[in-house]
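These notes concern the structure reproduced below.
Residue numbers (my numbering), protein chains in the order written: chain G, 6 to 208; chain X, 1034 to 1388.
Following this line, the structure appears as structure tokens:
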């Protein structure tokens, strides 16, 4: 099974790439067509923010999927998913600065300093930045063992993103709590006990 | 004007209410009726229309024939939706009119915070059709001489409808300009004979989880039903209005049908929607957002650019509709630009503390 998957790795990667780009394409088409309602900037920021979180979750899902399927193949798709999370997060920030704040930098600074939900969102993006930069094979080689350590920062980033989401909820916590629950389940797979249990199945 | 109580459906007991009007300089010929408002019933079907006709004839002899006649003649849905009202007077500087660009009807009805129907701005338009607004009654209780449960028709009957073009400033730092149709809350409260102990007016929204999906949420932060309140002098200010329509038409469900409060100098959440209870009291009433997050939402919640909300700067606002290239950011004014009409209500108060 692993061999056939390996054979199709390239086309699968292209397919994932195109699929992952679809929300972005639709989002901007809707923006150009002015079909996002009376407050398109807010709509765009919601869409891009939510997709950033979804791709973070997908990135974190690779390890559990690998453990369950007992195939190392999945790891080859992880970098792209992580980069898409970063891509949507950058879109999120640009939309916020450009269209919501109308480039009033003073307001941006005030928001970052005074509003905790924006502070943590901004921090999360700052954490994702070095992860995106060092995602190449070159950097992987250069950093050696430290690469894996560095990339564990994604756990902190995702926690901050969830906080960013929860703190914004006003009347209903259902949606951010669902994402939080999914992330918690994905994190459980990282516990060494559960890892052992899953790898022992065929041994 | 006789009013029917509906506390017991079989009760035929009539309560007499003295109506006091504020101003009498409106010509009788200019006075408009709610005839078309009542015609909303004919949407429901013939049975509804007939019931309506008989109800009207039992409580308003003079008007009944006219009402029945027009109810029978109007078949066109858009016509039935239209209200008759006195247009806003542009020459009097009472705050009832602004020449700012009105937010289009399609935006006012598509972008709502009505958390009973969901958290997304588009949820109310999508889900509010489930709300049954007919029949509708309002309980008036507490420090009043004539408490009781009144049908909406009885509540509205003596009031002349007028258009008021108000700015609406949401605490989330966006704003609209809305042409509401309604009347002053003061005119309504005066009919029920408030006692001297009436210091506050508390309002309550309908609680009906079957029709309001937001009320069914397990992780909601609001303790339903939604409640709001005003100090009595705020409630009696002529700007404070009960609205039953916008853009000349019957209030869409997502905007708080069939009847809602509009307090233009306060953040939007004070303007409670789909009201079923009005209580006069001498105690400061609880208000929903204040209960949910007291450090974020005070009782007064007057629009105040100098006092920031923990989540949003209140110094400026985005006037909707915006476009990506035109964010439409404008400065927020104290009391949402109604300082001339209402600032005196808060004389000597520290509005930073009483936010």
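Glycine included, C-beta positions come from ideal geometry on N, C-alpha and C. It should be emphasised that the depicted structure is a prediction, and the values quoted were computed from it without experimental measurement.
Whole-angstrom distance between residue 1247/X and residue 114/G, CA atom to CA atom: Taking the first residue of the first chain as position 1, residue 114/G is located at position 109. Taking the first residue of the second chain as position 1, residue 1247/X is located at position 214. In a straight line, the C-alpha of residue 114/G is about 35 angstroms away from that of residue 1247/X.
Closest residue to residue 1303/X among 1336/X, 1291/X, 1117/X, 1183/X (Cα-Cα distance): As a position in the second chain, residue 1303/X is number 270, starting the count at 1. Comparing Cα positions, the closest option is 1336/X.
Contact belief for residue 1236/X with residue 1261/X at Cβ below 8 angstroms, rounded distance in angstroms: Numbered from 1 along the second chain, position 203 holds the residue referred to as residue 1236/X. Numbered from 1 along the second chain, position 228 holds the residue referred to as residue 1261/X. Correct: roughly 5 angstroms between the Cβ atoms.
The alpha helix (DSSP H) enclosing residue 184/G, as first and last residue numbers: The residue given as residue 184/G occupies position 179 in the first chain. Where residue 184/G is concerned, the enclosing alpha helix (DSSP H) stretches over 179 to 193.
Chain G residues whose Cβ lies nearer than 7 angstroms to that of residue 1152/X: Reading the second chain from its first residue, position 119 is the one you call residue 1152/X. Under the 7 angstroms cutoff, chain G gives 176, 177.
Sequence-distant residues of its chain with Cβ nearer than 7 angstroms to residue 130/G (five each side left out): Residue numbering aside, residue 130/G sits at position 125 when the first chain is read from its first letter. Same-chain partners within the cutoff: 94, 98.
Span of the alpha helix (DSSP H) around residue 134/G: Locating residue 134/G in the first chain gives position 129, where the first residue counts as 1. First-last of the alpha helix (DSSP H) with residue 134/G: 121 to 138.
Residue 1222/X, enclosing alpha helix (DSSP H) - first and last residue: Within the second chain, numbered from 1, the residue matching residue 1222/X stands at position 189. Here the alpha helix (DSSP H) through residue 1222/X covers 1218 to 1224.
Listed by chain order, chain X residues near residue 39/G by CB distance under 8 angstroms: Within the first chain, numbered from 1, the residue matching residue 39/G stands at position 34. Residues of chain X passing the Cβ test: 1356.
Spatially closest choice to residue 1153/X from 174/G, 27/G, 198/G, by CA coordinates: Taking the second chain and counting its residues from 1, one reaches residue 1153/X at position 120. Nearest option by C-alpha distance: 174/G.
Any chain G beta carbon closer than 9 angstroms to residue 1333/X: Here residue 1333/X refers to the residue found at position 300 when the second chain is read from its first residue. No - not a single Cβ of chain G is within 9 angstroms of the one on residue 1333/X.
Sufficient close CB pairs (3 or more, under 8 angstroms) joining the segment 1341 to 1354 of chain X to the segment 1314 to 1321 of chain X: no
CB of residue 1256/X within 9 angstroms of CB of residue 1306/X, strictly: On the second chain, position 223 is the one that residue 1256/X refers to. On the second chain, position 273 is the one that residue 1306/X refers to. The answer is no: Cβ separation not under 9 angstroms.
Beta-carbon contacts of residue 1093/X that lie in its chain and below 6 angstroms, excluding the five residues immediately before and after: Within the second chain, numbered from 1, the residue matching residue 1093/X stands at position 60. Residue placement at residue 1093/X cannot be trusted, given a pLDDT of 39 that sits under 50; what the coordinates show is reported in the next sentence. Nothing meets the Cβ criterion.
Reference residue 1374/X; option with closest CA among 1277/X, 1166/X, 1210/X, 1269/X: For the purposes of this step, residue 1374/X is taken as residue 341 along the second chain, with counting starting at 1. Answer by Cα proximity: 1269/X.
Cβ-Cβ separation, residue 165/G to residue 128/G (assumed contact under 8 angstroms), whole Å: Taking the first chain and counting its residues from 1, the one referred to as residue 128/G is at position 123. Taking the first chain and counting its residues from 1, the one referred to as residue 165/G is at position 160. Confirmed, about 5 angstroms.
Where the segment 53 to 87 of chain G meets chain X: residues whose CB sits under 7 angstroms from a CB there: none
For residue 1235/X, the first and last residue of its enclosing beta strand (DSSP E): For the purposes of this step, residue 1235/X is taken as the residue at position 202 of the second chain. Per DSSP, residue 1235/X belongs to the beta strand (DSSP E) from 1233 to 1238.
Residue closest to residue 104/G, alpha-carbon to alpha-carbon, out of 1189/X, 1381/X, 1354/X: Looking up residue 104/G in the first chain gives position 99. That would be 1354/X, whose Cα lies nearest to the Cα of residue 104/G.
Neighbour-count burial assignment, residue 1150/X, 16 or more Cβ in a 10 Å radius: For the purposes of this step, residue 1150/X is identified with residue 117 of the second chain, where counting begins at 1. The residue is buried, with at least 16 neighbouring Cβ atoms inside 10 Å.
Cβ pair count under 8 angstroms reaching 3, the segment 1287 to 1294 of chain X against the segment 1160 to 1177 of chain X: yes
Collapsed DSSP secondary structure at residue 1259/X in the structure displayed: Indexing the second chain from 1 puts residue 1259/X at position 226. Correct three-state label for residue 1259/X: coil.
Cross-chain neighbours of residue 126/G in chain X, by beta carbon under 8 angstroms: As a first step, residue 126/G is located in the first chain; it is residue number 121 there, counting from the start. Going along chain X, no residue has its Cβ under 8 angstroms from residue 126/G, so there is no contact; the nearest lies around 12 angstroms.
Partners in chain G for residue 1144/X, counting only beta-carbon separations shorter than 8 angstroms: Walking along the second chain from the start, residue 1144/X turns up at place 111. Residues of chain G passing the Cβ test: 42, 43, 44.
Local conformation of residue 64/G per DSSP, three classes: Along the first chain, read from residue 1 onward, the residue named residue 64/G stands at position 59. Residue state, collapsed to three classes: helix.
Nearest candidate by alpha-carbon position, reference residue 1319/X, set 1351/X, 1121/X, 1264/X: If you number the second chain from 1, residue 1319/X lands on position 286. Selected option, being the one with the closest Cα: 1264/X.
Contact with chain X by residue 121/G, beta-carbon distance below 9 angstroms: Numbered from 1 along the first chain, position 116 holds the residue referred to as residue 121/G. Judged by the 9 angstroms Cβ criterion, residue 121/G is in contact with chain X.
Cutoff 9 angstroms: residue 115/G Cβ touching any chain X Cβ: Working through the first chain from its first residue, we reach residue 115/G at position 110. Closer than 9 angstroms to some Cβ of chain X, the Cβ of residue 115/G qualifies, so yes.
Reference residue 1209/X; option with closest CA among 1384/X, 1352/X, 1240/X: Your numbering for residue 1209/X matches position 176 in the second chain. That would be 1352/X, whose Cα lies nearest to the Cα of residue 1209/X.
Cβ shell of residue 1371/X (< 7 angstroms), same chain only, five flanking positions each side left out: Here residue 1371/X refers to the residue found at position 338 of the second chain. Once the five neighbours on either side are set aside, the close Cβ partners of residue 1371/X are 1128, 1272, 1297, 1298.
Inter-residue spacing [alpha-carbon to alpha-carbon] between residue 199/G and residue 108/G: Position 194 of the first chain, counted from the first residue, corresponds to residue 199/G. Position 103 of the first chain, counted from the first residue, corresponds to residue 108/G. Roughly 48 angstroms separates the two Cα atoms.
Inter-residue spacing [alpha-carbon to alpha-carbon] between residue 1322/X and residue 179/G: Locating residue 1322/X in the second chain gives position 289, counting from the first residue. Locating residue 179/G in the first chain gives position 174, counting from the first residue. Cα to Cα, the separation comes out at about 18 angstroms.
Residue 165/G at chain X interface by Cβ criterion, 9 angstroms: Within the first chain, the letter at position 160 stands for residue 165/G. No, because no Cβ of chain X sits closer than 9 angstroms to the Cβ of residue 165/G.
CB of residue 1148/X within 9 angstroms of CB of residue 40/G, strictly: On the second chain, residue 1148/X is found 115 positions in, with the first residue counted as 1. On the first chain, residue 40/G is found 35 positions in, with the first residue counted as 1. Not a contact, by the Cβ cut-off of 9 angstroms.
Beta carbon proximity, residue 1353/X to chain G, threshold 9 angstroms: Mapped onto the second chain, residue 1353/X falls at position 320. Chain G contact via Cβ: present.
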